[in-house]
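First comes the structure, then the notes that go with it.
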Amino acid sequence: MRKIVALVCLTLGGAALTVSAANAADQVWINDIRANPVRHWNTTVTVTGLVQEVRSDPAGTTRGFYIIQDESIVTGAINVGELPYNQLYVRTNNLPPIGKTFKVTGTVIQDPTRADLPILKEDSRSTVGLSSTLRVILIAAIVMFIGLIIALVLLLARPKARAAAAAGRTTRLAAEPEAAKTQVYVDLGAGLVVEKGPDKGREFPLTKMSNAIGRAGARKNEVELADDTVSKEQATIHFDSSKKTFTIVNESATNPTKVNGAVISGQAALENNASVEMGKTLLRFRKS
């Protein structure tokens, strides 16, 4: 019986590692494309990364380009104005939201203004639930869980006289739950004041690089409103630490977000005293 259990464990573990290796083989790292652009010209590749910035071209449309960043190691010298080696420009006809991870497939082409700078012309894009690192961790956790079940089966097969002691040892070996991580507080010197709506008079300081806005729901919103005409995932305000600027991105497909009375389709800059409207709520953006 032990031989059979051990064989099952090795088989499942090997299958999990094979799946992990297959997923890794599908990954093309951005720094490989940036470091060897000639090798990738006019080839179709797939990269997975986090959207850092989006720009519409022409302005006001969903067309343009965005910057995607993966988990590859940054190598090579970076001149002023250049992207880090783990970031890549992507041309698209449908701009994605900032701060979400996507798997992007497209053709590597040359930048019309810079022959040595590669650009990915997007063919398809899909959302990614887990990064490659988290997938490996999850697979490892599954293998460990299977191992614990097998160990329990072996313990139950022993004489009853030793079962109690074995169960006690198993209980002592159980891992304690990990404590919740402390959230990082950043004083950005800015905030939102509700001037109209159910939350009138409330103030929301912006204390993170990305501050989500919406009603209570599955997503944790830094600016949580009681207005039932506001979506649960209405918008997000992003802070660019290098430029010291704030931008807001609309994320609701049903309820528009307005800045200074104008509906935004992608992202819009936020200046001091700008008005932000959503549903029946009017917020005022303040910078100290």
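Per the working numbering, the sequence shown starts with residue 17, numbered consecutively. Glycine included, C-beta positions come from ideal geometry on N, C-alpha and C.
Assignment of isoleucine 89 by DSSP, reduced to helix, strand and coil, places it in the coil class. In summary, glycine 76 is exposed, with fewer than 16 beta-carbon neighbours lying within 10 Å of its beta-carbon over all protein chains present. For alanine 206 against phenylalanine 262, the beta-carbon gap comes to about 6 Å, under 8 Å, which counts as contact. Given a length threshold of 4 residues, each whole run of the alpha helix (DSSP H) inside the region 96-173 is given here in chain order: 148-173. Scanning its chain for C-beta atoms nearer than 6 Å, with the 5 sequence neighbours on each side dropped, one finds around glutamate 69 the residues Ile83, in chain order. For aspartate 243 and aspartate 256, the gap between their C-alpha atoms comes out near 28 Å. In terms of CA proximity to leucine 286, His254 leads the group Asn271, Thr270, Asp132, His254. Looking from the CA of serine 258, the closest CA among Met225, Thr270, Asn237 belongs to Met225. CA-to-CA, the gap between valine 67 and valine 144 works out to about 12 Å. Assignment of proline 221 by DSSP, reduced to helix, strand and coil, places it in the strand class. Ranked by how close their Cα comes to the Cα of leucine 222, the residues Tyr101, Asn110, Arg302 have Arg302 in first place.
Counting along the chain, no beta strand (DSSP E) covers asparagine 276, and no H or E run does either. Rounded to whole angstroms, asparagine 58 and isoleucine 89 show a C-alpha spacing of 24 Å. Going by C-alpha positions, lysine 216 is about 39 Å away from glycine 65. Collapsing the DSSP output to three states places valine 54 in a helix.
Counting only the Cα atoms, aspartate 48 lies some 20 Å from aspartate 139.
In the three-state scheme derived from DSSP, where H, G and I count as helix and E and B as strand, aspartate 244 is classed as coil. Taking 8 Å as the cut-off, the beta carbon of serine 142 is found no closer than this to the beta carbon of lysine 116.
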